[in-house]
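Q: Chains as they are written, first to last, in the working numbering: chain G, 1 to 499; chain A, 1 to 249.
Glycine included, every Cβ here is placed at the ideal spot set by N, Cα and C.
The structure follows.
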Ligand SMILES: Nc1ncnc2c1ncn2[C@@H]1O[C@H](COP(=O)(O)OP(=O)(O)OP(=O)(O)O)[C@@H](O)[C@H]1O
Ligand SMILES: [Mg+2]
């Protein structure tokens, strides 16, 4: 109950411009010249002092990318991206910090401003969290955070605590050095370098991201979280995340992201790979809040992301939960390849579009093993002149006898200039499989708003209440402390959507 | 408290209120009766600020302020409450949460301190108990799956919690069983004070037996065609509108 009231408080505390994470930080940066060639790839690899195998891997990805064309099947429209007009590497000039004490104070201050206290003593008193709504992990003591600023990871907290239980949580560039056998074995094993245009691009030029390994039988003692911040101008952000849960391991991981308000569009093309072995469980939550552009559609992030999980082991389970409120364009389909017998894939999504935002998002559930199960709950909310598409594939392969899928796709329209579309693809090649699909579209009726207003609620409060009610099923899948933040974000992103 | 002066309103091109004048002094309860389609609900909507109706003339003063210049939520904050003839359903919105958000919005606008979750629940439970409503109605989604009578009782619960200065009750008695009718009437009577007024729209004398009005007005074709004391309602109950409406025509 308090959450909704807080939602309202947040709305009221905000100014018209809404996006309050839009400031720039003045940090001395090391930036590569614009443009992308094989030499850019070599330069990035050299900067990161990578082993030869990884350079080869990147170059193969680059060659694949050069031979591919940008996909155009999604229901999104944008001017052609000039890939030669982007910086592919930007890092704070200071040498990589060895401990939290060495992190540039400017950076610490920036994360502090975002509500991400990069201090392990944040556990005390909870004062750190004050006034830090809207971003994830605010002042919560039990979350280990990896902070990625432009192209590099600047700090990872609670590493020692985690190490005691054998959990590895570090920047992927460090994992390449410290745990090469794990990285080499799994990197690209879920999303191959030539999987798609943006994945190939990412594989060629990825700069940092998080690496997680949970050993056999270990239940990760705290929430893990990565916070991505794009700061530099005209740079792309290409992070790479790899999470491996060994037999019986369990982990809950959350990512969040923001960017300054800029008039030009910026490209974010991430790849996330999850691997779950026998009886392992991975819960991956995203609160996506990249700058969405202004009310007229100027600026904003192009969020072209490939996320996929391999449920390799028997009874393994991967659950994707996403709350997508930001970005000018979202192109994203977190997927599960359900290979292990009895493995389970879940996808819970709230995607909000307002003003001129466009989102084409959904999931793919590929049932390979026997008795695999998947659940899809998608809630699309469109307002303003935005366009919101759910695109989902459920594929049952011949060996997946007893496979089950249930899909629930609901769209909520606010106003009459926005669009909502549902595009389900169902391919079943096993007669014993059961696939169910339900879809609804509703509109917030003027009379519902009047009813609320006649009780004293402002129109925005009323929309907030109805929207939060509409998304409840998904929000409850988020770790509790993040659900509140997500509710606030929903309210903020729908500001000015009525009236 | 409420002073309506020659109020005219239409929807699309249809003239519905054709010059209504009405004074409800503080502390009084007035009843509005009249045939179906005469404009009773429209009057309630226009007072509450429904944007679908265009006010084409007249004025309304509420506690000295220009009611028609206010947004619907400002009218609520100023102490106006409309119990809907057909309460709306809000899927996914928890009733207690809705009520608390509304109450705190109103309290904020009135410069009063907000109630925390515990304080609110205590109040809501007490009020719903007084209205003999099961506790689980607070936990359910606003009006979703409520029976007709439950929806009406829920309106009265909202009124009891928001504590308006003027309540417009639009056929809150229709669809109520005999016991519920008494409970609802008791709910309104409990609010009665020199600072509270009510405009009770009804078709039935039986509500007015419990909730004795100071004045009764008969609305026909968008105009008040007759006003009188409580005996007018009994007369209508006995003879129907034919005489009254014909007199006026
Ligand atoms: N949205 C609308 N569009 C067209 N006509 C409308 C609309 N709303 C109300 N009306 C008309 O206005 C007139 C008055 O309606 P109103 O609901 O105020 O009547 P009422 O006195 O409350 O009737 P009842 O006793 O049946 O509740 C009716 O003729 C009705 O059809
Ligand atoms: Mg009516």
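Using 6 Å as the cut-off, classify the Cβ of residue 85 of chain A as near or not near the heavy atoms of ligand 2, replying yes or no.
A: Mapped onto the second chain, residue 85 of chain A falls at position 85. Yes; taking the cut-off as 6 Å, the Cβ of residue 85 of chain A has a heavy atom of ligand 2 nearer than that.
Q: Looking at residue 474 of chain G: is its Cβ nearer than 7 Å to the Cβ of residue 284 of chain G?
A: Working through the first chain from its first residue, we reach residue 474 of chain G at position 474. Working through the first chain from its first residue, we reach residue 284 of chain G at position 284. Going by C-beta atoms, residue 474 of chain G is not nearer than 7 Å to residue 284 of chain G.
Q: Are the C-beta of residue 487 of chain G and some C-beta of chain A separated by less than 7 Å?
A: Residue numbering aside, residue 487 of chain G sits at position 487 when the first chain is read from its first letter. Closer than 7 Å: no.
Q: What does the alpha-carbon distance come out to for the pair residue 239 of chain A and residue 453 of chain G?
A: Looking up residue 239 of chain A in the second chain gives position 239. Looking up residue 453 of chain G in the first chain gives position 453. Each residue's Cα considered, the two are about 39 Å apart.
Q: Do you know whose CA, among A:79, A:24 and A:71, lies nearest residue 162 of chain A's CA?
A: Here residue 162 of chain A corresponds to residue number 162 of the second chain, with the count starting at 1. Taking only the C-alpha atoms, the option nearest residue 162 of chain A is A:79.
Q: Shorter than 6 Å, the distance from the beta carbon of residue 151 of chain A to the closest heavy atom of ligand 2, or not?
A: For the purposes of this step, residue 151 of chain A is taken as the residue at position 151 of the second chain. No, the beta carbon of residue 151 of chain A sits no closer than 6 Å to any heavy atom of ligand 2.
Q: Going by Cα to Cα distance, which pick from G:346, G:356, G:247 and G:253 is closest to residue 291 of chain G?
A: For this step, residue 291 of chain G is matched to residue 291 along the first chain. Comparing Cα-Cα distances from residue 291 of chain G to each of G:346, G:356, G:247 and G:253, the minimum goes to G:356.
Q: So for residue 277 of chain G, helix, strand or coil by DSSP?
A: One-based indexing of the first chain puts residue 277 of chain G at position 277. Residue 277 of chain G falls in the coil class under three-state DSSP.
Q: Given that residue 380 of chain G touches chain A, what residues does it touch there, using C-beta distances under 9 Å?
A: Counted from its first residue, the first chain places residue 380 of chain G at position 380. In chain order: nothing, as chain A lies at least about 15 Å away.
Q: Going by Cα to Cα distance, which pick from G:455, G:464, G:406 and G:240 is closest to residue 433 of chain G?
A: As a first step, residue 433 of chain G must be located in the first chain, where it is residue number 433. Closest by alpha carbon: G:406.
Q: Any heavy atom of ligand 4 closer than 6 Å to the CB of residue 307 of chain G?
A: For the structure depicted, ligand 4 is absent and the ligand set comprises only ligand 1 and ligand 2.
Q: Apply the 10 Å Cβ neighbour rule to residue 442 of chain G and answer buried if 16 or more other Cβ atoms are within range, or exposed otherwise.
A: Here residue 442 of chain G corresponds to residue number 442 of the first chain, with the count starting at 1. Flag for residue 442 of chain G reads exposed.
Q: Answer with buried or exposed for residue 193 of chain A, where buried requires no fewer than 16 other C-beta atoms within 10 angstroms of its C-beta.
A: The count along the second chain starts at 1 and reaches residue 193 of chain A at position 193. Residue 193 of chain A should be labelled exposed.
Q: If residue 110 of chain G sits next to residue 25 of chain G, beta carbons under 8 Å apart, how far is it from one beta carbon to the other, in whole angstroms?
A: On the first chain, position 110 is the one that residue 110 of chain G refers to. On the first chain, position 25 is the one that residue 25 of chain G refers to. Right, their Cβ atoms sit about 4 Å apart.
Q: How should residue 384 of chain G be labelled, buried or exposed, when 16 other C-beta atoms within 10 angstroms of its C-beta is the threshold for buried?
A: Stepping through the first chain from its first residue, residue 384 of chain G is reached at position 384. Its Cβ being crowded by 16 or more others within 10 Å, residue 384 of chain G is buried.
Q: Please look up how many angstroms separate the CB atoms of residue 275 of chain G and residue 193 of chain G, rounded, as I've assumed it's under 8 Å.
A: Residue 275 of chain G sits at position 275 when you count from the first residue of the first chain. Residue 193 of chain G sits at position 193 when you count from the first residue of the first chain. The Cβ separation is near 16 Å, so there is no contact.
Q: Residue 303 of chain G: buried (16+ other C-beta within 10 angstroms of its C-beta) or exposed?
A: The count along the first chain starts at 1 and reaches residue 303 of chain G at position 303. Under this definition residue 303 of chain G is a buried residue.
Q: Taking 8 Å as the threshold, find out whether the region 468-487 of chain G comes into contact with the region 8-18 of chain A through three or more Cβ pairs.
A: These segments do not touch.
Q: Considering only their Cβ atoms, is the gap separating residue 394 of chain G from residue 426 of chain G smaller than 7 Å?
A: In the first chain, the residue the question calls residue 426 of chain G occupies position 426. In the first chain, the residue the question calls residue 394 of chain G occupies position 394. Against a cut-off of 7 Å, the Cβ pair of residue 394 of chain G and residue 426 of chain G comes out as a contact.
Q: Would residue 218 of chain A and residue 225 of chain A qualify as a contact pair, given that the criterion is a beta-carbon distance under 7 Å?
A: Along the second chain, read from residue 1 onward, the residue named residue 218 of chain A stands at position 218. Along the second chain, read from residue 1 onward, the residue named residue 225 of chain A stands at position 225. A contact, by the Cβ cut-off of 7 Å.
Q: Taking 6 Å as the cut-off, is the beta-carbon of residue 220 of chain A closer than that to any non-hydrogen atom of ligand 2?
A: Here residue 220 of chain A is taken as the residue at index 220 of the second chain, counted from 1. No.
Q: Any beta carbon of chain A sitting closer than 7 Å to that of residue 456 of chain G?
A: Taking the first chain and counting its residues from 1, one reaches residue 456 of chain G at position 456. Closer than 7 Å: yes.
Q: Cβ atoms of residue 353 of chain G and residue 386 of chain G: under 7 Å apart, would you say?
A: Along the first chain, one-based indexing puts residue 386 of chain G at 386. Along the first chain, one-based indexing puts residue 353 of chain G at 353. Result yes, Cβ atoms of residue 386 of chain G and residue 353 of chain G sit closer than 7 Å.
Q: Quick check on residue 75 of chain A: buried or exposed, where buried means 16 or more other Cβ atoms within 10 Å of its Cβ?
A: The count along the second chain starts at 1 and reaches residue 75 of chain A at position 75. Burial call: buried.
Q: Is there contact between the region 55-67 of chain G and the region 297-316 of chain G, where contact requires at least three CB pairs shorter than 8 Å?
A: In short, these stretches do not touch, since the Cβ pair count stays below three.
Q: Determine contact between the region 175-191 of chain G and the region 142-154 of chain G, defined as no fewer than three beta-carbon pairs at a distance below 8 Å.
A: Short answer: they don't touch.
Q: Is it true that the region 169-178 of chain A meets the region 117-134 of chain A, where meeting means three or more beta-carbon pairs spaced less than 8 Å apart?
A: Counting Cβ pairs under 8 Å, fewer than three are found: no touch.
Q: Give me whichever residues DSSP pairs with residue 187 of chain G in a beta bridge.
A: Taking the first residue of the first chain as 1, we reach residue 187 of chain G at position 187. Partner(s): none; residue 187 of chain G has no beta bridge.
Q: What runs of the beta strand (DSSP E), each 3 residues or longer, lie entirely inside the region 175-244 of chain A?
A: Counting whole runs of 3 or more residues, the region 175-244 of chain A contains the beta strand (DSSP E) stretches 197-201, 215-220 and 223-228.
Q: To the nearest angstrom, report how far apart residue 133 of chain G and residue 288 of chain G are at their CA atoms.
A: For the purposes of this step, residue 133 of chain G is taken as residue 133 along the first chain, with counting starting at 1. For the purposes of this step, residue 288 of chain G is taken as residue 288 along the first chain, with counting starting at 1. Note that residue 133 of chain G has pLDDT 33, beneath the 50 cutoff, so the model's placement of it is unreliable and the number below is only indicative. Near 14 Å, if we compare the C-alpha coordinates of residue 288 of chain G and residue 133 of chain G.
Q: Taking any heavy atom of ligand 1 as the mark, which residues have a C-beta closer than 5 Å to it, listed down the chain?
A: So the residues near ligand 1 by this Cβ test are A:11, A:16, A:36, A:37, A:38, A:39, A:40, A:41 and A:42.
Q: Starting from the Cα of residue 19 of chain A, find the closest Cα among A:55, A:115, A:33 and A:153 and give me that residue.
A: Position 19 of the second chain, counted from the start, is the residue given in the question as residue 19 of chain A. The option with the nearest alpha carbon to residue 19 of chain A is A:55.
Q: What separation, rounded to the nearest whole angstrom, lies between the Cα atoms of residue 214 of chain A and residue 229 of chain A?
A: Here the question's residue 214 of chain A lines up with position 214 in the second chain. Here the question's residue 229 of chain A lines up with position 229 in the second chain. The straight-line gap from Cα to Cα measures roughly 6 Å.
Q: Using 8 Å as the cut-off, can you tell me whether the region 359-373 of chain G makes contact with the region 331-348 of chain G, which would need three or more C-beta pairs spanning the two stretches below that distance?
A: Counting Cβ pairs under 8 Å, three or more are found: they touch.
Q: Which of the residues in the region 426-458 of chain G, read from start to end, lie with their CB under 7 Å from any CB of chain A?
A: Result list: 447, 448, 450, 451, 453, 454, 455, 456, 457 and 458.
Q: How would you call residue 41 of chain A, buried or exposed, if buried means at least 16 neighbouring beta carbons within 10 angstroms?
A: Here the question's residue 41 of chain A lines up with position 41 in the second chain. Buried, since its Cβ has 16 or more Cβ neighbours within 10 Å.
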